[in-house]
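Contents: one structure, followed by commentary.
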Amino acid sequence: MAKKFWALHVENVLVPPQSQEATFLKAREIVEGMGFRMQEFATNSVEGAGAGNLIAMNSEDGFKITLHSTSPPEEIGIMISSPCLERAPEEQADPSTEPESPPPRQNNFNLSSSVPRSAL
Numbered sequence: 462m463a464k465k466f467w468a469l470h471v472e473n474v475l476v477p478p479q480s481q482e483a484t485f486l487k488a489r490e491i492v493e494g495m496g497f498r499m500q501e502f503a504t505n506s507v508e509g510a511g512a513g514n515l516i517a518m519n520s521e522d523g524f525k526i527t528l529h530s531t532s533p534p535e536e537i538g539i540m541i542s543s544p545c546l547e548r549a550p551e552e553q554a555d556p557s558t559e560p561e562s563p564p565p566r567q568n569n570f571n572l573s574s575s576v577p578r579s580a581l
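So, in structure tokens, the structure goes:
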């Protein structure tokens with residue numbers, strides 16, 4: 462039986478509380494445009510609180526994107542994960558007979574069009 466594991470990248474980005482709602486809304490627009498489906502989305506801009514949460518997944522390739530406000534809301538945490546598969550030893554074949562892998566997926570996240578550069 463094959464073992465499944467995830468490759469994960471995590472990073473926090475400084476985003477002032479008053480810019481977080483616009484950042485989450487723009488991120489949602491971009492992520493949905495890339496074929497991801499929202500699993501969870503929320504913003505809370507009460508008095509510039511800047512709290513937000515976005516979880517989206519692409520069912521075609523299993524990539525998952527999560528954005529969340531830190532507490533206090535001075536940063537947005539970004540997590541991007543991709544499923545990986547490790548074949549069991551008995552399933553491994555001669556690499557010279559295996560089909561070519563598809564080209565790596567490139568995700569270009571550009572939130573700068575509506576979010577101040579200082580917020581990124």
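Just add 461 to the spot in the sequence shown (first one is 1) and you have our numbering. C-beta: ideal position from N, C-alpha, C; glycine also. Please read these numbers as outputs of a predicted model, since none were measured by experiment.
Between residue i and residue j, which are expected to be in contact by the criterion C-beta below 8 angstroms, what is the C-beta distance as a whole number of angstroms?
i: Ile516; j: Glu501; result: 4 angstroms
i: Phe497; j: Cys545; result: Contact flag wrong, Cβ pair sits at about 19 angstroms.
Can you check which of these residues, the options, is closest to residue i by C-alpha distance?
i: Thr527; options: Pro534, Gln481 and Val492; result: Val492
i: Gly523; options: Ala503, Asn505, Met495 and Pro534; result: Met495
i: Ser520; options: Ala488, Ala503 and Met499; result: Met499
i: Phe485; options: Met518, Ser543, Ala503 and Leu469; result: Ala503
i: Asn505; options: Leu469, Ala483 and Val471; result: Ala483
Measure the Cβ-Cβ separation of residue i and residue j and say whether it is below 9 angstroms.
i: Ala512; j: Gln481; result: yes
i: Val474; j: Ile541; result: no
i: Ser530; j: Asn514; result: yes
Label residue i either buried or exposed according to how many other C-beta atoms from any shown protein chain fall within 10 Å of its C-beta, with 16 as the threshold for buried.
i: Val476; result: buried
i: Ala488; result: buried
i: Ser575; result: Low confidence applies here, because Ser575 scores a pLDDT of 46, under 50, leaving its location unreliable; read the following figure in that light. Classification for Ser575: exposed.
i: Leu572; result: Its pLDDT being 48, under 50, Leu572 is placed unreliably by the model, and the measurement read from it follows with that caveat. Answer is buried; the Cβ neighbour count reaches 16.
What do you reckon, is the C-beta of residue i under 8 angstroms from a heavy atom of the ligand COA?
i: Phe524; result: Ligands displayed in this structure: none; no statement on the ligand COA is therefore possible.
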